[in-house]
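Asker: Mind the numbering: the sequence shown is residues -2 to 184 in this note's numbering, read in order.
All residues carry an ideal CB built from backbone N, CA and C; glycine is no exception.
Remember, it's a predicted structure, so these values are computed and weren't measured experimentally.
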Amino acid sequence: LIDKTNTPNLGKGRDKGSNPGWTGFVLHYSVTYNVQDAIKVLQGRGVSYHYIIDYNGDVYQLVKDSQIAYHAGNSNGKNIGISFVQLGPHPQAGVTTQSRLISKGIIEPTQTVQSSWFASSAIRNYTHWQPFTNEQIVSSIKLARHLKQKYPSIINAFRHSDVSDTGKMDPGPAFDLTNWKKLVFGN
-2 LIDKTNTPNL GKGRDKGSNP GWTGFVLHYS VTYNVQDAIK VLQGRGVSYH
48 YIIDYNGDVY QLVKDSQIAY HAGNSNGKNI GISFVQLGPH PQAGVTTQSR
98 LISKGIIEPT QTVQSSWFAS SAIRNYTHWQ PFTNEQIVSS IKLARHLKQK
148 YPSIINAFRH SDVSDTGKMD PGPAFDLTNW KKLVFGN
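#1: In its own chain, which residues sit with a C-beta less than 8 Å from the C-beta of isoleucine 79, not counting the 5 before and 5 after it?
#2: Return the bridge partner residues of tyrosine 57 from the DSSP annotation.
#3: DSSP three-state label for histidine 125, please.
#4: Rounded to the nearest angstrom, how far is the Cβ of phenylalanine 187 from that of asparagine 76, given a contact under 8 Å?
#5: Taking all protein chains shown into account, do 16 or more other C-beta atoms lie within 10 angstroms of the C-beta of valine 181, making it buried, or fewer, making it exposed?
#6: At a threshold of 6 Å, does proline 86 count as lining the ligand GDP (C-beta to nearest heavy atom)?
#7: Is the beta carbon of glutamine 133 sitting closer than 7 Å to the one on glycine 74?
#8: For the alpha helix (DSSP H) that alanine 141 lies in, which residues bound it at each end?
#9: From lysine 165 to histidine 157, what does the alpha carbon distance come to, in whole angstroms?
#10: For the beta strand (DSSP E) that glutamine 64 lies in, which residues bound it at each end?
#11: Less than 7 Å between the beta carbons of alanine 67 and valine 44, yes or no?
#12: If distances are taken between C-alpha atoms only, which option among Lys1, Gly85, Lys13, Thr20 comes closest to serine 150?
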(Lines of atoms letter the chains of each structure in order from A and count residues from 1; the text may use other names and numbers.)
(Lines give C-alpha, C1' and ligand atoms only; values in the text may rest on other atoms or scores of the structure.)
Protein backbone atom coordinates (compact mmCIF):
# COMPACT_ATOMS: atom_id res chain seq x y z
CA LEU A 1 0.00 0.00 0.00
CA ILE A 2 1.44 3.34 -1.07
CA ASP A 3 0.20 6.20 1.11
CA LYS A 4 -0.71 9.36 -0.81
CA THR A 5 -3.18 10.70 1.78
CA ASN A 6 -1.16 13.91 2.14
CA THR A 7 -1.48 14.81 -1.55
CA PRO A 8 -3.00 18.32 -1.69
CA ASN A 9 -6.45 19.05 -3.11
CA LEU A 10 -7.78 15.53 -3.38
CA GLY A 11 -11.25 16.56 -2.23
CA LYS A 12 -10.95 15.06 1.24
CA GLY A 13 -14.24 15.12 3.04
CA ARG A 14 -15.31 15.26 6.61
CA ASP A 15 -13.93 12.81 9.10
CA LYS A 16 -16.26 9.92 9.95
CA GLY A 17 -14.24 8.75 12.95
CA SER A 18 -13.06 5.28 13.91
CA ASN A 19 -16.37 3.59 13.00
CA PRO A 20 -17.26 5.16 9.65
CA GLY A 21 -20.19 2.81 8.95
CA TRP A 22 -19.23 1.98 5.38
CA THR A 23 -21.79 -0.27 3.66
CA GLY A 24 -20.15 -0.92 0.31
CA PHE A 25 -17.65 -0.16 -2.42
CA VAL A 26 -18.11 1.96 -5.54
CA LEU A 27 -15.80 0.90 -8.37
CA HIS A 28 -14.41 3.31 -10.94
CA TYR A 29 -11.86 3.66 -13.72
CA SER A 30 -9.64 6.72 -13.98
CA VAL A 31 -9.73 7.44 -17.75
CA THR A 32 -5.97 8.00 -17.49
CA TYR A 33 -2.79 6.17 -18.45
CA ASN A 34 -1.15 6.25 -15.00
CA VAL A 35 -1.62 7.11 -11.32
CA GLN A 36 0.13 10.47 -11.65
CA ASP A 37 -2.30 11.61 -14.37
CA ALA A 38 -5.23 10.31 -12.33
CA ILE A 39 -4.13 12.39 -9.34
CA LYS A 40 -3.81 15.50 -11.55
CA VAL A 41 -7.33 15.01 -12.88
CA LEU A 42 -8.73 14.42 -9.38
CA GLN A 43 -6.98 17.51 -8.01
CA GLY A 44 -8.29 19.63 -10.87
CA ARG A 45 -11.86 18.50 -10.27
CA GLY A 46 -11.76 18.56 -6.47
CA VAL A 47 -12.75 14.89 -6.24
CA SER A 48 -11.03 11.71 -5.10
CA TYR A 49 -11.18 8.02 -4.39
CA HIS A 50 -10.06 6.26 -1.25
CA TYR A 51 -7.87 3.92 -3.31
CA ILE A 52 -6.55 3.67 -6.84
CA ILE A 53 -4.97 0.54 -8.30
CA ASP A 54 -2.25 0.79 -10.95
CA TYR A 55 -1.85 -1.60 -13.89
CA ASN A 56 0.89 -3.52 -12.01
CA GLY A 57 -1.39 -4.02 -8.98
CA ASP A 58 0.16 -1.37 -6.74
CA VAL A 59 -2.50 0.11 -4.46
CA TYR A 60 -2.37 3.81 -3.62
CA GLN A 61 -4.40 5.18 -0.73
CA LEU A 62 -5.52 8.73 -1.55
CA VAL A 63 -8.00 9.39 1.27
CA LYS A 64 -7.99 7.86 4.74
CA ASP A 65 -10.68 5.27 5.45
CA SER A 66 -12.05 7.50 8.19
CA GLN A 67 -12.80 10.29 5.71
CA ILE A 68 -15.40 10.71 3.00
CA ALA A 69 -13.92 10.84 -0.49
CA TYR A 70 -15.91 12.67 -3.17
CA HIS A 71 -16.36 10.07 -5.92
CA ALA A 72 -20.01 9.08 -6.32
CA GLY A 73 -22.49 11.82 -5.47
CA ASN A 74 -24.98 10.87 -2.77
CA SER A 75 -23.22 7.54 -2.21
CA ASN A 76 -20.03 9.14 -0.90
CA GLY A 77 -20.97 8.90 2.78
CA LYS A 78 -21.82 5.20 2.56
CA ASN A 79 -19.20 3.70 0.23
CA ILE A 80 -15.44 3.41 -0.11
CA GLY A 81 -14.29 4.50 -3.57
CA ILE A 82 -11.88 2.20 -5.40
CA SER A 83 -10.61 3.14 -8.86
CA PHE A 84 -8.49 1.37 -11.42
CA VAL A 85 -5.96 3.13 -13.64
CA GLN A 86 -7.74 2.33 -16.85
CA LEU A 87 -8.86 4.09 -20.01
CA GLY A 88 -12.37 2.68 -20.28
CA PRO A 89 -13.83 2.90 -23.77
CA HIS A 90 -11.62 3.70 -26.72
CA PRO A 91 -12.33 7.26 -27.90
CA GLN A 92 -13.53 6.13 -31.31
CA ALA A 93 -16.90 7.88 -31.35
CA GLY A 94 -17.27 11.54 -30.52
CA VAL A 95 -15.81 13.57 -27.68
CA THR A 96 -15.07 11.50 -24.59
CA THR A 97 -13.63 12.38 -21.21
CA GLN A 98 -10.38 10.82 -22.38
CA SER A 99 -10.22 12.91 -25.57
CA ARG A 100 -11.03 16.09 -23.61
CA LEU A 101 -8.18 15.35 -21.19
CA ILE A 102 -5.83 14.75 -24.12
CA SER A 103 -6.87 18.00 -25.81
CA LYS A 104 -6.24 19.95 -22.58
CA GLY A 105 -2.78 18.40 -22.26
CA ILE A 106 -3.62 16.74 -18.94
CA ILE A 107 -2.88 13.24 -20.24
CA GLU A 108 -0.83 12.07 -23.19
CA PRO A 109 -2.22 9.77 -25.89
CA THR A 110 0.00 6.68 -25.82
CA GLN A 111 -2.30 3.80 -26.66
CA THR A 112 -4.49 2.74 -29.52
CA VAL A 113 -7.08 -0.01 -29.71
CA GLN A 114 -5.29 -3.33 -29.34
CA SER A 115 -6.69 -6.65 -30.48
CA SER A 116 -6.80 -7.64 -26.81
CA TRP A 117 -9.28 -4.88 -25.94
CA PHE A 118 -12.60 -6.21 -24.66
CA ALA A 119 -15.22 -6.13 -27.40
CA SER A 120 -18.86 -5.69 -26.47
CA SER A 121 -22.07 -4.75 -28.14
CA ALA A 122 -22.19 -1.01 -28.63
CA ILE A 123 -22.78 0.98 -25.47
CA ARG A 124 -23.26 4.63 -26.41
CA ASN A 125 -21.37 3.91 -29.67
CA TYR A 126 -18.39 2.30 -27.89
CA THR A 127 -17.46 -1.23 -28.89
CA HIS A 128 -13.94 -1.67 -27.43
CA TRP A 129 -12.96 -1.36 -23.78
CA GLN A 130 -9.51 -1.58 -22.27
CA PRO A 131 -9.13 -4.83 -20.30
CA PHE A 132 -8.24 -4.79 -16.62
CA THR A 133 -4.95 -6.47 -15.76
CA ASN A 134 -4.88 -9.63 -13.69
CA GLU A 135 -2.69 -7.76 -11.19
CA GLN A 136 -5.39 -5.09 -10.79
CA ILE A 137 -8.12 -7.66 -10.22
CA VAL A 138 -6.09 -9.66 -7.69
CA SER A 139 -5.05 -6.51 -5.78
CA SER A 140 -8.60 -5.16 -5.75
CA ILE A 141 -9.95 -8.42 -4.34
CA LYS A 142 -7.26 -8.49 -1.62
CA LEU A 143 -7.96 -4.85 -0.77
CA ALA A 144 -11.73 -5.35 -0.66
CA ARG A 145 -11.42 -8.46 1.52
CA HIS A 146 -9.14 -6.56 3.91
CA LEU A 147 -11.55 -3.62 4.11
CA LYS A 148 -14.54 -5.93 4.55
CA GLN A 149 -12.78 -7.60 7.46
CA LYS A 150 -11.91 -4.19 8.96
CA TYR A 151 -15.44 -2.85 8.37
CA PRO A 152 -17.93 -5.77 8.65
CA SER A 153 -20.77 -3.38 7.72
CA ILE A 154 -19.56 -3.55 4.08
CA ILE A 155 -21.98 -5.87 2.33
CA ASN A 156 -22.10 -4.81 -1.33
CA ALA A 157 -20.27 -3.32 -4.30
CA PHE A 158 -21.56 -1.08 -7.08
CA ARG A 159 -20.42 0.27 -10.40
CA HIS A 160 -20.08 4.05 -10.44
CA SER A 161 -22.61 3.98 -13.24
CA ASP A 162 -25.11 2.32 -10.84
CA VAL A 163 -25.03 5.08 -8.23
CA SER A 164 -24.32 8.27 -10.15
CA ASP A 165 -26.09 10.13 -12.92
CA THR A 166 -22.93 11.70 -14.37
CA GLY A 167 -23.06 9.52 -17.47
CA LYS A 168 -19.66 7.96 -16.73
CA MET A 169 -19.92 4.25 -17.55
CA ASP A 170 -17.28 2.94 -15.19
CA PRO A 171 -16.02 0.42 -14.60
CA GLY A 172 -17.60 -0.67 -17.90
CA PRO A 173 -18.34 -4.07 -19.47
CA ALA A 174 -14.72 -5.26 -19.30
CA PHE A 175 -15.10 -5.53 -15.50
CA ASP A 176 -16.90 -8.68 -14.31
CA LEU A 177 -18.62 -7.28 -11.21
CA THR A 178 -20.64 -10.44 -10.58
CA ASN A 179 -17.53 -12.63 -10.34
CA TRP A 180 -15.63 -9.96 -8.37
CA LYS A 181 -18.43 -9.82 -5.79
CA LYS A 182 -18.40 -13.63 -5.47
CA LEU A 183 -14.67 -13.57 -4.81
CA VAL A 184 -14.92 -10.72 -2.28
CA PHE A 185 -18.18 -11.54 -0.49
CA GLY A 186 -18.40 -15.27 -1.15
CA ASN A 187 -21.95 -15.20 -2.45
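Answerer: If we stick to the structure as given:
#1: If you ignore the 5 residues before and after isoleucine 79, its C-beta comes within less than 8 Å of the C-beta of Phe22, Val23, Leu24, His25, Tyr46, His47, Tyr48, Ile49, Ile50, Ser137, Leu140, Ala141, all in its own chain and listed in chain order.
#2: According to DSSP, which records beta bridges pairwise, tyrosine 57 is partnered with Ile(-1), Ile49.
#3: Three-state DSSP puts histidine 125 in a strand.
#4: The question about residue 187 has no answer here: the residues shown for the chain are numbered -2 through 184.
#5: Valine 181 should be labelled buried.
#6: Among the components of this structure there are no ligands whatsoever, and the ligand GDP is therefore not found.
#7: No. Outside cutoff.
#8: Annotation for alanine 141: the continuous alpha helix (DSSP H) segment containing it runs 131 to 147.
#9: Just so you know, the alpha carbons of lysine 165 and histidine 157 end up roughly 7 Å apart.
#10: For glutamine 64, the enclosing beta strand (DSSP E) starts and ends at 64 to 66.
#11: Residue 67 is actually tyrosine in this sequence, not alanine. Contact flag set, yes.
#12: Comparing Cα-Cα distances from serine 150 to each of Lys1, Gly85, Lys13, Thr20, the minimum goes to Thr20.
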